[in-house]
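Q: So the protein sequences, as listed, match chains H, F, U, V and D.
Residue numbers 7 to 457, in this note's numbering, belong to the letters of the first sequence in order.
Residue numbers 24 to 316, in this note's numbering, belong to the letters of the second sequence in order.
Residue numbers 168 to 430, in this note's numbering, belong to the letters of the third sequence in order.
Residue numbers 2 to 268, in this note's numbering, belong to the letters of the fourth sequence in order.
Residue numbers 7 to 342, in this note's numbering, belong to the letters of the fifth sequence in order.
Pasting a structure below so you can have a look.
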Amino acid sequence: MFSSSYKGRLMPVLLASAALALGGAIALPSFAAPDRGQEYFPLQSYRVGPYAAGGTGFFGGFIDYMNLINMRDGGVNGVKLTWNECETEYEVERGVECYERMKTQGNPGPAAMNPLSVGIAYALLDRSTSDKIPLITINHGRTDTTDGAVFPYIFPLLLNPWSEASAMVNYVAQRDGGLDKLRGRKIVVLYHGSPYGRETIPIFALLSQKYGFEVTEIEVPHPGNQQQSQWLQIQRIAPEFVILRGWGVMNPVALKTAQQVGFPADHIIGNIWSNSEEDVRPAGAAAVGYIALTDHPSGTEFPVVQEIIKTVYGANKGNLDDKSRIGSGYHTLGIINGILNVEALRIAQQHFGDKALSGEQVQWGFDHLDLDDKRIAELGATGLLPPIHVTCADHEGAGAVKFQQWDGQRWVTKTGWIQADRKLLRPLIEASANKYAAEHHITPRNCAKTS
Amino acid sequence: MSFFVDVLVGGLLSGVMYSLVALGFVLIYKTSGVLNFAQGAMVLFAALTFVSLTEHKLPFAVSLLVTLAIMVALGWLIERFVLKPLVNQSSITLFMATLGLSYVIEGAAQLLWGTEVHGLDLGIPDTPMQFGSVAISEFDLVAALIAATMVAALTLFFRTTRTGLAFRAVADDQLAAIAVGLRLSHVWAIAWALAGVVALVAGLLWGARLGVQFSLSTVVLKALPVLVLGGFDSIAGAIVGGLLIGAIEKSAEVYIGPFVGGGTEGWIAYVVALGFLLVRPAGLFGQRELVRA
Amino acid sequence: MSEPLLSVTNVGATYDNAILALSRVSLTVGAGEIVALLGANGAGKTTTLRAISNLLSAVHGQITGGHVTFDGRRTEKLGPAQLVAAGLAQVIEGRHCFPHLTVEENLIAGASALRIGRRQLAADVARIYGYFPQLRAKRRLPAALCSGGEQQMTAIGRALMARPRLLMLDEPTMGLAPLVAREIFHFLRALNRDENLSILVAEQNATLALRYADRAYVLEHGSVALAGASAEVRERDDVKHFYLGFEPRQRRQYSSLVSQVGT
Amino acid sequence: MSAERALLELRGIELSFGGVRALSSVDLTVREGDIHAIIGPNGAGKSSLLNVISGLYRPLAGTIAFAGKDYTHVPVSALAHLGIARTFQNLALFAGMSVRDNIVMGRAAFARSNFAENVLGLPRSRSDERESARRAEEIMDFLGLHAKGDRKVATLPYGLQKRVELGRALIAGPRLLLLDEPMAGMTAGEKLEMCRFIVEAKAEFHTTVVLIEHDIGVVMDLSDRVAVLDYGRKIADGPPDLIRADQKVIDAYIGVDHDERLVEAAV
Amino acid sequence: MRFWLVAALLAVALLVVPRVGNTYLFDAILTPFLALSLAGVGLNLLTGYAGQISVGSAAFMAIGAFAAYNFNLRVPHLPLLASFALAGLTAAAVGIVFGLPSLRLKGFYLLVSTLAAQYFVQWALTNFHWFANDDPSGVITAPQLAVAGIDFSSSAGRYVLSLAVVATLTFVALRLVHSQTGRNWMAVRDKDLAAAVIGVPIFRSKLLAFAISSFYCGVAGVLWAFAYLRTVESDGFTLDLSFRILFIIIIGGLASVRGAFFGAAFIVVLPLLLSRIGASFFGTTDSGIAELVEMILIGVLIIAFLIAEPAGLVSLWDRGRRRLARLLSFVPAPQS
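Below is the structure:
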């Protein structure tokens, strides 16, 4: 009575399609292979899964910028940019598979890897070093990779996590009228339960010791859609500020839960991954007044964004499906990431000639990446990113951030560039990097010589 | 003391949300013995469909009705194309099939409506109200109310309608149900459709709280310990289990969490459920022990 | 004689594709008849009834041959629900009341295969209470809490709710006190007489069944060993043999075996 | 012919399930070397009695003496070492295993090697395996199963599966063999063969047999003694000829007109 | 015949493949395939043979990985393979603890109890920083892989090392399931009552199954961490990974050591296959859509396989082989 009409026919269909699939996979090229003589940027992107919003915005911005360069300038000094995507879903295994699949493609090979995932970046640390492909972890990554002597191929550009923590503490101090006012204050750090989230645990402890504020660090398990008990705990501690080191869904949920327990939004300070429109919009009214740090302010008023709208989206080649997301935080970060990658290539070309370069050559460009206010203005990105000066020893190159507040519709910038206390951090970074070097038998290169 | 009450109340109310998800499991398990892992995906699918419809400028009520219709249709499709051909297979096979199903539903939901995070505003403010010294979010209260209404409605449905009667008959004794002329596949289809409706309600409430996005589908993992505690086949158990788990989880995180570095919420429910099981292997309200696949 | 209401022709059946349960069973039930199906445990009575109402597939069984005609229609393509709707109801072995449903709900569930309105349904339930007045008192009690006799009445009542023309019962007196068992058969006889309901009853208690039935079939090893009018069957000595193994020929075989080995 | 010594003695066994009385004050004495049958209508408590003897049910009251030792309930885990083996009414074979492995399993309690020895193939494990294999071959020869050794047991016809189950019980060389309907659902020919196995097993392994069987013809011919249960009580016990003539037994089986019976009881 | 086939296969895998393969083949396909196969063999011992469902395999992989890391770190001069074995033993010990509920629980209730293991272990490994040698991110990095002075750190080397470990343990598993231990497991699985009656120590057999299965998963975790990813955090050993391993044994075939390899091939290769087809089909337009279509397809395929071949790829394979053998033998099949 339960015999089902299609059951019997299923197996032949399955076998036939399996054969077809196998044949197809062998016959078809695995990607539209990058053309010879073009600069190849493999994208380990993620447009699905819990962090899809971040992925689509960031990689959308990156692709939009590369499209702009190709369409407006005909590439970088005549070298067209090319790319393809491999979906990682923010998962390490898939990231590794993508890396392995993409690293051999392109001629002369990939310019740089941009996985936008701390977990994946960790797994690629020695792989990309031994394969001589720069690994860009803009605004994130492992802090001690800032030490370019030990990690020549890893670039936590603009802002590493420790700088970020320091800048946030500095901002709190500035609001209160000086670092000496921090003594006795209570601060809670609410962080994402992942390597990214945990990266700053020791540094907050250090800062609290140095400035005498009381810090409680509370973890929110991945993906962060359950925070009630954490916020009840916060309610009990009653801190002056909550520093939110969130990611993806954790951010709106944090804001909503804060509202639920009655914690004021304007005393929550979000970090670099809690500062996009996608993080606050879903929280609705609960997000009004929320403050976040940024080094990639959102907005469409920047000339480079305008040009993308005009040239790329005008030609219907824009990457974002939802046009209202143009100029959102993730999107502008993607654009900035595009700028930095392209400029590194440009600088490397000055050294190696105007042609498609290998990863090893592009590394030279990143190692000498230097964008001052003038160059940033030429790029149409004034105010969009701080000046950056990368050196052999310093792969961060900036460490300055602005603070912005959400008014319910848009982010309103509240401060100019605020610097992290990089002098304080540098010895710690070096110590950590040297420990890594010792464990992994790496001989640091001599930066005094090369620069 | 008042803090403890705050925690307890907060826990109980979030437990209500767990119960809502667990309810969907119970409906299907009771009639067909399938542990439906795709329930979470159905929650996501329902919420995403609804919110996308409203974003396409459909009025609230129309969106609700359309989503309802889609969920019912989905239930029927699942019965027809997944469960029916798998009848008489071991329960582990059925479980794995629902896992596969969850991929399909999650994929389809996002393919249809995109992967962006959507805010969902049901017009219920999520701000605390003071009841004496205890602060309770209005949203939580409304959620609890809706959950209570739904349980009442389901109970009424089962007690008073003939479909409900058929449903209970199948849950009680399948062979006898066939012998009196009940069509199992009809009842199963209804169970899946109802589970879809429950998923819609859960999706709306969870979605309003968390934003409508991918991780909604992971709420299913919160429902499992609830089911263990309450018994896989008891509606009352789903409610009581949910409340218990919510309360235990929150108080543990607040009172024990700080001493062990926090994050106990991820497992405490399971460990409590496990400890409980060792004492009562069929759950609080469970009717019979399940035999291995 | 006109076409019988039910005719079973050479039906064979197995469980799990391995256990042979029936081989070539044939029987008929005429309109208005009470027919008894007798035999020892495991002779195939239950399987025969399940084969008739197409319940075998629900218990890992299958029909391997032959065919069943009910009211002139072949039944192999009909599902159990359709058969019930066509007027063939069964009280399955061991009663199988829905334990958590009340007595009244059990009865209502019996009408599942029919499309009838609420009022009609209430009238039908009242009719059952007419047959079994003691059920009315227990109408709100979960069936599991009723006595064995009441459960059997509930099960019979539930089957009658489908307004059958042929009622099949599988060991309706199993485990019941003698007086209750008699009461049940008495009731069946009355129902048959008053409403012209045809009945096929599988029963282990041959004496009791033969006293009420018009005709009887005796099953042995999954096939019909003996058939005839009740009185006739009652008088035959070999009925005893089917239960107590008096068949001389077979005995010899085993005995010789024993003596052979013993020496 | 058979010794008069009692191998198994049940005294005053009481058993009930959720208030329903399954066995009431049942006494049973099984003499060593006998085939002792237990018969009775459906639901009379025959299988329950077997489950009490094999320790699966714990009686409410009563004692069980086996080979001179008293138990309030028989420990299941020690059953094999006591020398008791049984078969089940509805086949309890290990469906996913081969015929040979099923039979070998009957010696599970007597394996001396542990898993580490098994993995490494140490002498003790090897001798275990050899011994088991040898005995399994013997049993399969005895039961006519040698051609089927590698077949998955679930693919065999029912009659053969019953035989495998008997083999699994026999390989342990039990002193007492409990058979729960070993011939149910068999054709006459299969029954005859099964009878032969039981009789031969008794002769060859000196096994005492307690047998539940519905085919009374078989029972009467095969058994040394027959006990009759009805409604959880033993209503008769004795040699087949006496049982056959016992009016209570006839009543219980064929059913009497209950009025008569009530009258009889009243008299 | 079969022995020679397997031997030939192994010889090719060990001698030929490392010479002709590229790093993509090793790092993205073969090494994860081997690690997952081993985990599948382990879970199959527990679920397929002993009949105890578990969705905690990833947790035991995590225990293995972290234990091996710590043994390597903290015990000087410990040979690499010894740390593998110790890691497996650690996982086995924890496995016994989480196997205790199997005394009383069955089916889905037991499944939920293994979920407790999954979450608790993941939490403990992240929360107590000692396990990751106080790395602030909770990430551990593989040590240099050297056995008896030979370095296995290259892609091909890691593949060969994995292959050797997996082949050895598979051999052991095969012996185990054909021994009294394996028979006891199957007896408990098929009819625990009958098993008890004939004297199988039920509880001890179940615990042994948990222990050995966890040992296998633990070693698989070491391979996953050391040979495949090289850098892992405990969050990488998710429930999703546990489910994948469960899929492997169900799709491959329960109670079949070979099945774990078939299943692992299916689970590792299918997504790659689909994503390759997807990439060429959708081009570079939107990897998201390709990914979602892929997700749906995987789900559909899983359901379809469960419906069409509930006994797993192994039985499909055996049927195919028999049919092929009949074709090749040129003897017409006997008419039945």
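Beta carbons are placed, not taken as given, at the ideal position from N, Cα and C, and that holds for glycine.
For the 8 Å Cβ check, are there 3 or more pairs between the segment 199-206 of chain U and the segment 379-393 of chain U?
A: With the cut-off at 8 Å, the segment 199-206 of chain U and the segment 379-393 of chain U touch.
Q: What's the C-alpha gap between Val127(D) and Leu87(D)?
A: As a working mapping, residue 127(D) is identified with position 121 in the fifth sequence. As a working mapping, residue 87(D) is identified with position 81 in the fifth sequence. Cα to Cα, Val127(D) sits roughly 24 Å from Leu87(D).
Q: Going along the chain, which unbroken runs of the beta strand (DSSP E) with 3 or more residues stay wholly within the segment 91-162 of chain D?
A: Fully enclosed beta strand (DSSP E) runs of 3 or longer: 145-147.
Q: State buried or exposed for Asp360(H), treating a residue as buried only when at least 16 other CB atoms are found within 10 Å of its CB.
A: One-based indexing of the first sequence puts residue 360(H) at position 354. It is exposed - the Cβ of Asp360(H) has fewer than 16 other Cβ atoms within 10 Å.
Q: Quick one: Cα of Arg451(H) to Cα of Ala155(H), how far?
A: Here residue 451(H) is taken as the residue at index 445 of the first sequence, counted from 1. Here residue 155(H) is taken as the residue at index 149 of the first sequence, counted from 1. Between Arg451(H) and Ala155(H), the C-alpha separation is close to 5 Å.
Q: Taking Cβ positions only, does Leu268(U) come closer than 8 Å to chain F?
A: Position 101 of the third sequence, counted from the start, is the residue given in the question as residue 268(U). Closer than 8 Å: yes.
Q: Grab the span of the alpha helix (DSSP H) containing Phe68(H) for me, first residue to last.
A: Counting from one through the first sequence, the residue named residue 68(H) turns up at place 62. Its alpha helix (DSSP H) spans residues Ala58 to Asp79.
Q: Please list, in chain order, the residues of the segment 210-237 of chain H that have any C-beta partner in chain F closer than 7 Å.
A: Answer in chain order: Ile224, Glu225, Pro227, Pro229, Asn231, Gln232, Gln234 and Ser235.
Q: Flag this pair as yes or no: are the beta carbons of Phe299(U) and Gly261(U) separated by less than 8 Å?
A: Reading the third sequence from its first residue, position 132 is the one you call residue 299(U). Reading the third sequence from its first residue, position 94 is the one you call residue 261(U). Against a cut-off of 8 Å, the Cβ pair of Gly261(U) and Phe299(U) comes out as no contact.
Q: Return helix, strand or coil for Trp89(H), following the three-state DSSP convention.
A: One-based indexing of the first sequence puts residue 89(H) at position 83. Strand, per DSSP.
Q: Taking C-alpha atoms, which residue in Ala215(D), Gly269(D) and Glu239(D) lies nearest to Gly203(H)?
A: Indexing the first sequence from 1 puts residue 203(H) at position 197. Nearest of Ala215(D), Gly269(D) and Glu239(D) to Gly203(H), Cα basis: Glu239(D).
Q: Listing by chain order, which chain F residues have their CB less than 9 Å from the CB of Arg78(H)?
A: Numbered from its first residue, the first sequence carries residue 78(H) at position 72. Correct list: empty, because the minimum Cβ distance to chain F is about 28 Å.
Q: Quick one: what's got a C-beta closer than 8 Å to Glu201(V)'s C-beta in the same chain, skipping five residues either side?
A: For the purposes of this step, residue 201(V) is taken as the residue at position 200 of the fourth sequence. Once the five neighbours on either side are set aside, the close Cβ partners of Glu201(V) are Phe143.
Q: If the cut is a Cβ gap below 9 Å, which residues of chain U does Asp149(F) touch?
A: For the purposes of this step, residue 149(F) is taken as residue 126 along the second sequence, with counting starting at 1. Simply none; closest approach about 39 Å.
Q: Extract the residue ranges of the alpha helix (DSSP H) inside the segment 172-225 of chain U, only unbroken runs of 4 or more that lie entirely within it.
A: If we require 4 residues or more, the alpha helix (DSSP H) runs fully inside the segment 172-225 of chain U come out as 212-219.
Q: Hey, would you say Gly333(H) sits closer than 8 Å to Phe237(F), going by beta carbons?
A: Residue 333(H) sits at position 327 when you count from the first residue of the first sequence. Residue 237(F) sits at position 214 when you count from the first residue of the second sequence. No, the Cβ-Cβ distance between Gly333(H) and Phe237(F) is not below 8 Å.
Q: Can you check which of these residues, Asp242(V), Arg101(V) and Asn52(V), is closest to Lys153(V) by C-alpha distance?
A: Walking along the fourth sequence from the start, residue 153(V) turns up at place 152. For Lys153(V), the nearest C-alpha among the options comes from Arg101(V).
Q: Return yes when the Cβ of Ile59(D) is within less than 8 Å of the Cβ of Leu117(D), no when it is not.
A: Looking up residue 117(D) in the fifth sequence gives position 111. Looking up residue 59(D) in the fifth sequence gives position 53. It is a contact, given that the beta carbons lie within the stated cut-off.
Q: Ends of the beta strand (DSSP E) at Lys408(H)?
A: Residue 408(H) sits at position 402 when you count from the first residue of the first sequence. Ala406 to Trp412 is the span of the beta strand (DSSP E), which, as asked, contains Lys408(H).
Q: Check Asn328(U) in the structure and name its three-state DSSP category.
A: Within the third sequence, numbered from 1, the residue matching residue 328(U) stands at position 161. It is Met, not Asn, that sits at residue 328(U) in the sequence shown. If DSSP states are grouped into helix, strand and coil, Met328(U) belongs with coil.
Q: Against chain F, which members of the segment 238-260 of chain H pass a CB distance test of less than 7 Å?
A: Listed by position, the residues of the segment 238-260 of chain H near chain F (Cβ gap below 7 Å) are Leu238, Gln239, Arg242, Val255, Pro258 and Val259.
Q: I need the DSSP call for Trp253(H), collapsed to helix, strand or coil.
A: Translated into the one-based positions of the first sequence, residue 253(H) becomes position 247. It is coil, neither helix nor strand.
Q: Can you find a C-beta in chain V that's less than 8 Å from the C-beta of Leu177(U)?
A: For the purposes of this step, residue 177(U) is identified with residue 10 of the third sequence, where counting begins at 1. The sequence as given places Asn at residue 177(U); Leu does not occur at that position. Asn177(U) does not count as touching chain V.
Q: Which same chain residues, not among the five before or five after Pro60(V), have their C-beta less than 7 Å away from its C-beta?
A: The sequence position of residue 60(V) within the fourth sequence is 59, counting from 1. Excluding residues within five positions, the ones whose Cβ falls inside 7 Å are Ile14, Glu15, Leu16, Val53 and His74.
Q: For Ser211(D) and Ala117(V), I'd like the C-alpha separation in whole angstroms.
A: Taking the first residue of the fifth sequence as position 1, residue 211(D) is located at position 205. Taking the first residue of the fourth sequence as position 1, residue 117(V) is located at position 116. Each residue's Cα considered, the two are about 13 Å apart.
Q: Taking DSSP's pairing of strands, which residues face Pro450(H) in a bridge?
A: On the first sequence, position 444 is the one that residue 450(H) refers to. Paired residues: none, contrary to the question.
Q: Anything in chain H within Cβ reach of Val224(F), meaning under 9 Å, just list it in chain order.
A: Translated into the one-based positions of the second sequence, residue 224(F) becomes position 201. Result: empty, since nearest Cβ-Cβ is about 18 Å, beyond 9 Å.
Q: Look at Ala369(U) and Leu222(U) and say whether their C-beta atoms are less than 8 Å apart.
A: Along the third sequence, one-based indexing puts residue 369(U) at 202. Along the third sequence, one-based indexing puts residue 222(U) at 55. It is not a contact, given that the beta carbons lie outside the stated cut-off.
Q: Does the distance from the C-beta atom of His337(H) to that of Arg251(H) stay below 8 Å?
A: For the purposes of this step, residue 337(H) is identified with residue 331 of the first sequence, where counting begins at 1. For the purposes of this step, residue 251(H) is identified with residue 245 of the first sequence, where counting begins at 1. Against a cut-off of 8 Å, the Cβ pair of Arg251(H) and His337(H) comes out as no contact.
Q: If you count every other CB in all the chains shown that lies within 10 Å of the CB of Glu205(V), and 16 or more means buried, which is it?
A: As a working mapping, residue 205(V) is identified with position 204 in the fourth sequence. Label assigned to Glu205(V): exposed.
Q: Determine, using beta carbons only, whether Ala233(D) and Leu167(D) come nearer to each other than 8 Å.
A: Taking the fifth sequence and counting its residues from 1, the one referred to as residue 233(D) is at position 227. Taking the fifth sequence and counting its residues from 1, the one referred to as residue 167(D) is at position 161. Result yes, Cβ atoms of Ala233(D) and Leu167(D) sit closer than 8 Å.
Q: Do Ile341(H) and Val368(H) have their C-beta atoms closer together than 8 Å?
A: The count along the first sequence starts at 1 and reaches residue 341(H) at position 335. The count along the first sequence starts at 1 and reaches residue 368(H) at position 362. Contact: no.
Q: Is there a Cβ from chain D that is less than 8 Å from the Cβ of Val77(V)?
A: Taking the fourth sequence and counting its residues from 1, one reaches residue 77(V) at position 76. It does: the Cβ of Val77(V) has a partner Cβ on chain D nearer than 8 Å.
Q: Skipping 5 residues on each side, what residues in its chain have a beta carbon closer than 8 Å to that of Phe409(H)?
A: The sequence position of residue 409(H) within the first sequence is 403, counting from 1. Result list for Phe409(H): Tyr177, Ile275, Ile297, Ala298, Leu299, Thr300, Thr419, Lys420, Thr421 and Ile424, in chain order.
Q: In terms of alpha-carbon separation, which member of Ile224(H), Tyr217(H) and Arg107(H) lies closest to Ile35(D)?
A: As a working note, residue 35(D) is residue 29 in the fifth sequence. Out of Ile224(H), Tyr217(H) and Arg107(H), Arg107(H) has the C-alpha closest to the C-alpha of Ile35(D).
Q: Where does Leu173(U) land, buried or exposed, given buried means 16+ other C-beta within 10 angstroms?
A: Reading the third sequence from its first residue, position 6 is the one you call residue 173(U). The residue is buried, with at least 16 neighbouring Cβ atoms inside 10 Å.
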